[in-house]
Structures are given as structure tokens and as C-alpha cells.
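K.L.:
Below are the C-alpha cells for one structure; questions will follow.
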Amino acid sequence: MKPDDSLAGFWLETRRLTEAGMLRRLSGAFAGFIASLGTTTPELLLASSVLSELEGRGHSCLLLTDLAAGPAALLGWSEEDWQALAGTCAPLPKNAKGWIARLCACEQVWQVGEFDYDQPLVLDGERLYLRRYWRDERLVAQAIRERAGAAREVDAQAARRWLDILFTSARKAEVPDWQKLACAIALRGSVAIITGGPGTGKTYTVARLLALLFAIAGEEAGRQRIALAAPTGKAAARLKQSIDKALSELADRVGAALPLRELTARMGAARTLHSLLGARPDTRAFAHHRGNPLDVDVLIVDEASMVHLEMMASLLDALPPSATLILLGDKDQLASVEAGAVLGDLCHDAQAGGYSDATLRFAFEASGEQIPEQYAGSGSALAQQTVMLRHSRRFGGPIGQLALAVNAGDVTRAGEVLRSGDPALRWFDHAHQHHVVQLAVDGYQPYLELLAEGATGEHDAWVRTVLQRFEAFRILCAVREGEWGVEGLNDAIGQRLDAAGLLRRGGEWYVGRPVMVTRNDYGTGVFNGDIGLTLADPDRPGSLRVYFLQGEEVRSVLATRLRHVETAFAMTVHKSQGSEFRHTVLVLPQDRGSILTRELVYTGITRASAEFTLFSPTSAALGEAILRRTHRTSGLRGMIEG
């Protein structure tokens, strides 16, 4: 073991990388914390700081083979910077086996299977974890594995009768109805995953699944406790609105045979996951957990790609074993901001299907749909409960073609679609900030003109129209800082709108200011990601209120009560998940680091319903992004399968 003065070079290099903005201060501080717990070595400090840094970039663990090979690419560093830090700890192990031997000798590390002293670092095979992420992955894996393996008795003939009623749309006979299949397969276990891109009908499908569950339950349907949830308030509101609309249409079709309107009314509003679990101020703990489980029979979670590892662990811990969990989401979208890529891990092989003979037989008996032989296989128990919707009813046009090309990694095809001349697509590939700002002025002018005209008629109806006009256009950024980021563009757009006389910015709050809530606030009932507009209070002259649109309902909060908000002419692509805009503008920055990925571009494109505009500093920026895939190190898949 090396003497303490051998650590001086490591701390010096850590400080340099931190000051250069390449290493979080937290990562260096975490290494210091590990050193304070007992005898340490440079190798342990190196592994600890890299692990902490990767956690901040969304990875849930550090794969020791990556550490042995050099994690410069994962960290977004140059090879020279990595060697400068690693050189302070040389000689380092050459492979994972060598790293395991070094780390097992450290008292700060617990190796799975050995006596547990509650150490902060956990070594599970060739993966090094922060203890809480190892605990969360293990909890999620165990819960999902148990739920996927818990087969339920299903009357396939009864399911078939109702599914034939619920699905009557004409389609090509040679193409299976994956929506109908998803409903049938979801009946068999206490977990089901329905994944698919925009327009594939995830909420359309789950509305019919709810109707099917009500129908199968018979007399017990009136006592079924259904909960709807999503990561953000906006996504939750959209989920409820979509399901209510679909069930209302179904009610007209099935009539008195199934009292869908009555059952729909009993579901109540969709909630954020934080609200559902009972978040409490100043603590990570929730009111609901294994000792105080949720009072639900069926839980539907939309936009599941946004659910990070810790939240999924908390959700599964609070869900009663008897309840059914339905996860909806697009596996190809950006993963959560925090650590983990849970949905991506859970349905990693959804494209292939991997359905067993038993699943193929049941699916046909319950739905009358034949799953093509190419999707047969010997997939895991979870694969038998996962369905990928493969046909987009909304994205058959140029935006859909662009999204498909990007998702397939086809740079040439993506460029061809963008340059096809279709009016729904525009690409400015040598853009400057003033080009983006000018388009913003044009895009936001409709709602600002309505503001200038003033309220006419019923106030809430006018506010709803203003909000709908604002929501029709949005600028999405890949980064927060710089002139191509959220902060720079929000400031530039605000200045230009002010100069054009479309806004009057007299301080922090002004009429017409769009804001995004950045922290859950249970006192005011607004949540992280909610977007509202600042308008004059009709009942209190001189006061301002921020109005939010939740479905068709308008609600407002005094501006002075909102402490955690930021201007939202532009927002990050991450924050846009769960939203849809008629015209979406995606801005790629000049600094094309590891933040620009295929998933980011795909997510930005699929926020657009009618028009999409791309601004990039060069034409090469798009191709580089499409070829760079998001990779998050995780042990979740292995834990579920093993």
C-alpha cells in the first residue's frame, strides 16, 4: 500500500480538471469522502471519482473493463486528460480481474456475497456501484422479475369477444394489430410494457386495455382502483385527456354493455409520480413505500423513458404485489436526466420480440391476431410481457420519415428528407443566433398579438386560446449555456420581442413572459416541467398571475408565489419530453460534444406534429449527432435475466 504523500499528484490533477470544468466538484469531494473513511490508495480514489462523475452523466455504475481500457470516451475527455489523471495512480491494473483484486482489498468497498459492513461502494461482479444505486437496481430487477414471472389465469375466449368489440378498425389482413395484441398480452401478468414511437397509439391502446380490464372484471369492475401517472404534470394531464377522449368514443360504441363513462369518472385525475407516491419537502423519502403501499389495483405510467432509476425503485417498492403495472413509453427517446435508462433496459430487445410458443398461442387465442414467425424466440419472461407498437398513424409524412431515418442511424437518408423541399421541413445548416431569434419572433407573434388585443368574452376561454397559441411553437436546445443554449436564446428572444414592441419587459415579471417551473411546489400545486404564461390578474389591477393549461382546464397562481421558475421561450430537449408542438425548432450548438446524440435529435424531431425546423452551425453537426448513440452503463438487464 502506498504512503499518503503519493496522493498529492492525484489531488492536484483532480483540482485542475475541476477548474477546467471537466470534473464535477462533487466527484472530487466524493473521492475525498472515501479517503476519509480509512486507509486508501490512489487506485481507489481514481475509481471513486470516475464512478461519481459517470453517475452525474446518467450511468448507474462503473464497468471495470471500461476503467481498465480507459474511460475517456465515457467521460467525454481527451485521451491526454485521462492519462494525466491516471498517471498519478500508475501502475494501474490492466484488466477487470486486476481491478477487482485491488478494490476488494479496500475497506470502503463491499463485495456482493461477503459480510456486509454497509460500505459506500459495492462491487458486484465487474461493476462498481454507489451503494444506493446498487440497491435501487437490485430492487427494480427483483420486482420486475417477480411480476413478469407471475402468470395469471385468463379466460382467452372472453378476452377475444371483448377485443373484437373494442378493435373494429379496418387494416391490412397481413399486418398484425399490435395494439390488440398488446391488450391481450397485458392480461397475463402483473407487469406489461407497451413501447412505440409517436403516433403508434400507446394511449389509444391503453384506453382499450382499461376497457378490457373493466369488462373482464365483471361485477368487480366498479371496485377496481385505477391510477394514472407520469413523470411531469404536463405529461400526466395529456395522459388523462387522451384516455378520457378514447374511452368516451368507446362508450358510444359499446353502449350499456359496459358503463365506461361511469368507470372513467371514478379514475380521477392523472398525477405526477412525486404526487402519487407522496413526496415530502426536504427529504428523498416518500409517504408510500412497502410498509405503506399505494391503494391501487392497476397503475398506468406514461412517458416511462423519463423515469430514472431511483424513482422506478420507489414506485415498485410502493406498489402492492397484487397490482398490475402498465408502462408506456418510447424506448428510443432520451433517457432520464438522472441516473439510469430503465425503460431502455427493460425493453432493450423489444424490436426482436422473442415470444415463446406459449405466448404465441395465447396471443392468438385471446386476440385472433397471429404474431409473425420472425418475432418468435426464447426471450425472457419480461419479453413475453412486452409489446412494441410498430405502425405510426401520425408520422407517415416527412417528419415521420426523418424520425425513422435518424432512429436507424441513416445520415444520408436524413439529409435527403430534410432537403426534399417539403414545406413541413426546413434546415439551416450554417445558422447564426440571429436566424433563430428572428424565427422565434415570427413563431411567437400570434400569441403576443392576442395579448395586445386584450381579453374578449369569458376570461378563461380567452386565456385558453392564448395558451394554445403559445403552445403551438417552441424552440428546443441541446444545451443550457451559451448563445446556442436555453439561457442565451431566452435572453436574446426577450430582447428582440421587447425591441419589436411585442413585449414590455420592465423587470423579472411582465405580461407575456412564459415560464417553466423548475421544482415541484406542492403549496401552489405546480410541478417541475409545467409551463405557464404570465398575464394580468383581472381581479387585482397591477398584479400578475401565471396561467397553466391542464388538458382543457385553466388554472393560475400569483406570480409572486412562484419562486422556482425560468423564462421559457426556449427549453431543453429533455424538458420537452411529454409535450407536442405544431412547429418545433431544434437548435444544435457549435460545441458538438457528447451531449449531441441520436436520441436527442430523434426526441426533438418527434415533438413536432406539423412543422420541424433544424438550425445547425454546420451540415456535419447533424451527421455526427446521428452516429453518436447514448450509452449508459447499467447492470439492470443482467440482474433481471440472472
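For the sequence shown, position 359 matches number 352 in this note's numbering, and the numbering has no gaps at all. Glycine included, C-beta positions come from ideal geometry on N, C-alpha and C.
For Ser315, count neighbouring Cβ atoms within 10 angstroms of its own Cβ and tell me buried if that reaches 16, exposed if not.
P.N.:
So Ser315 ends up on the exposed side.
K.L.:
Going straight from the alpha carbon of Ala230 to that of Leu581, what length do you get?
P.N.:
Approximately 29 Å between the Cα atoms of the pair.
K.L.:
Give the straight-line distance between the Cα atoms of His301 and Gly91, rounded to the nearest whole angstrom.
P.N.:
Their backbone Cα atoms lie some 32 Å apart in a straight line.
K.L.:
Quick check: the Cα distance between Thr449 and Thr517, rounded to an integer number of angstroms?
P.N.:
If I take the Cα positions, the gap works out to 27 Å.
K.L.:
Does the Cβ of Thr193 have 16 or more other Cβ atoms within 10 Å, making it buried, or fewer, making it exposed?
P.N.:
Buried is the call here.
K.L.:
Please state whether the Cβ-Cβ distance between Leu56 and Glu119 is less than 9 Å.
P.N.:
Yes, Cβ-Cβ distance for Leu56 and Glu119 is below 9 Å.
K.L.:
Are the beta-carbon atoms of Ala471 and Leu589 separated by less than 9 Å?
P.N.:
Yes, they are a contact pair.
K.L.:
Less than 9 Å separating the beta-carbons of Leu309 and Leu441?
P.N.:
No, Cβ-Cβ distance for Leu309 and Leu441 is not below 9 Å.
K.L.:
Can you give me the Cβ contacts of Thr527 inside the same chain, cut-off strictly under 7 Å, excluding the 5 residues immediately before and after it?
P.N.:
Trp502, Tyr503, Val504, Gly505, Arg506, Val508, Leu537, Val539, Ala552, listed in sequence order.
K.L.:
Alpha carbon to alpha carbon, how far is Val147 from Arg277? Give it in angstroms, no decimals.
P.N.:
Spanning the two alpha carbons is a distance of roughly 39 Å.
K.L.:
Taking Leu85 and Glu36 to be in contact with their CB atoms under 8 Å, please state how far apart those CB atoms are, rounded to whole angstroms.
P.N.:
Contact holds; Cβ gap of about 6 Å.
K.L.:
On the DSSP bridge list, what partners appear for Leu469?
P.N.:
Partner(s): Met564, Leu579.
K.L.:
Fully enclosed by the segment 291 to 326, which beta strand (DSSP E) runs are 3 residues long or longer?
P.N.:
291 to 294, 317 to 322, all fully within the segment 291 to 326.
K.L.:
Can you tell which of Ala141, Thr511, Val115 has the C-alpha that lies nearest to the C-alpha of Asp129?
P.N.:
It is Val115.
K.L.:
Could you check if Leu5 is buried or exposed, using at least 16 other CB atoms within 10 Å of its CB as the buried criterion?
P.N.:
By the 10 Å Cβ count, Leu5 comes out exposed.
K.L.:
Taking the C-alpha atoms as reference points, what is the distance between Thr565 and Cys54?
P.N.:
Their backbone Cα atoms lie some 26 Å apart in a straight line.
K.L.:
Keeping to the same chain, check which residues put their C-beta closer than 8 Å to that of Glu474; ignore five residues upstream and five downstream.
P.N.:
Same-chain partners within the cutoff: Glu480, Gly481.
K.L.:
Quick check: the segment 286 to 302 against the segment 350 to 365, are there 3 or more CB pairs under 8 Å?
P.N.:
Touching, no.
K.L.:
Looking only at its own chain, which residues have a Cβ that is under 8 Å from the Cβ of Ala618, when we skip the five neighbours before and after it?
P.N.:
Cβ neighbours of Ala618 beyond the five flanking positions: Leu581, Arg585, Leu589, Thr590, Arg591, Leu593, Val594.
K.L.:
Buried or exposed for Gly628, going by 16 or more other Cβ atoms inside 10 Å?
P.N.:
Looking at its Cβ environment, which holds 16 or more other Cβ atoms inside 10 Å, Gly628 is buried.
K.L.:
Take the Cβ of Lys87 as the centre, count every other Cβ of all protein chains shown within 10 Å, and call the residue buried at 16 or more, exposed below.
P.N.:
Lys87 is exposed by the Cβ-count criterion.
K.L.:
Hey, would you say the C-beta of Thr7 is under 8 Å away from at least one heavy atom of the ligand ADP?
P.N.:
Ligands displayed in this structure: none; no statement on the ligand ADP is therefore possible.
K.L.:
From this set, Ala332, Thr257, Glu12, Arg181, which residue's C-alpha is nearest Arg218's C-alpha?
P.N.:
Closest by alpha carbon: Thr257.
K.L.:
Quick check on Pro391: does DSSP put it in helix, strand or coil?
P.N.:
It is helical.
K.L.:
For Thr7, I'd like the list of residues in its chain whose CB is within less than 6 Å of its CB, leaving aside the five on either flank, ordered along the chain.
P.N.:
Hits under 6 Å: Gly21.
K.L.:
Between which two residues does the beta strand (DSSP E) holding Leu418 run?
P.N.:
Taken as a continuous stretch (DSSP letters only), the beta strand (DSSP E) holding Leu418 covers 418 to 421.
K.L.:
Among Ala250, Ala297, Asp325, which one has its Cα closest to the Cα of Arg154?
P.N.:
For Arg154, the nearest C-alpha among the options comes from Ala250.
K.L.:
Where does Tyr636 land, buried or exposed, given buried means 16+ other C-beta within 10 angstroms?
P.N.:
Here the chain has residues from -6 to 635 only, and residue 636 is not among them.
K.L.:
Below 9 Å between beta carbons: does that hold for Lys195 and Gly337?
P.N.:
Not closer than 9 Å, so no.
K.L.:
At the level of alpha carbons, what is the spacing between His624 and Leu68?
P.N.:
For His624 and Leu68, the distance between alpha carbons rounds to 11 Å.
K.L.:
Rank Pro113, Leu0, Gly182 by C-alpha distance to the C-alpha of Thr352 and give the top, closest one.
P.N.:
Of Pro113, Leu0, Gly182, the residue nearest in Cα terms is Gly182.
K.L.:
Rounded to a whole number of angstroms, what is the C-alpha to C-alpha distance between Val410 and Ala143?
P.N.:
When rounded, the distance between both Cα atoms is 46 Å.
K.L.:
Apart from the five residues on each side of it in sequence, which residues of its chain come closer than 6 Å, Cβ to Cβ, to Val105?
P.N.:
Contacts found: Asp117.
K.L.:
So what's Asn285 in DSSP terms, helix, strand or just coil?
P.N.:
Reduced to three states, the DSSP call for Asn285 is strand.
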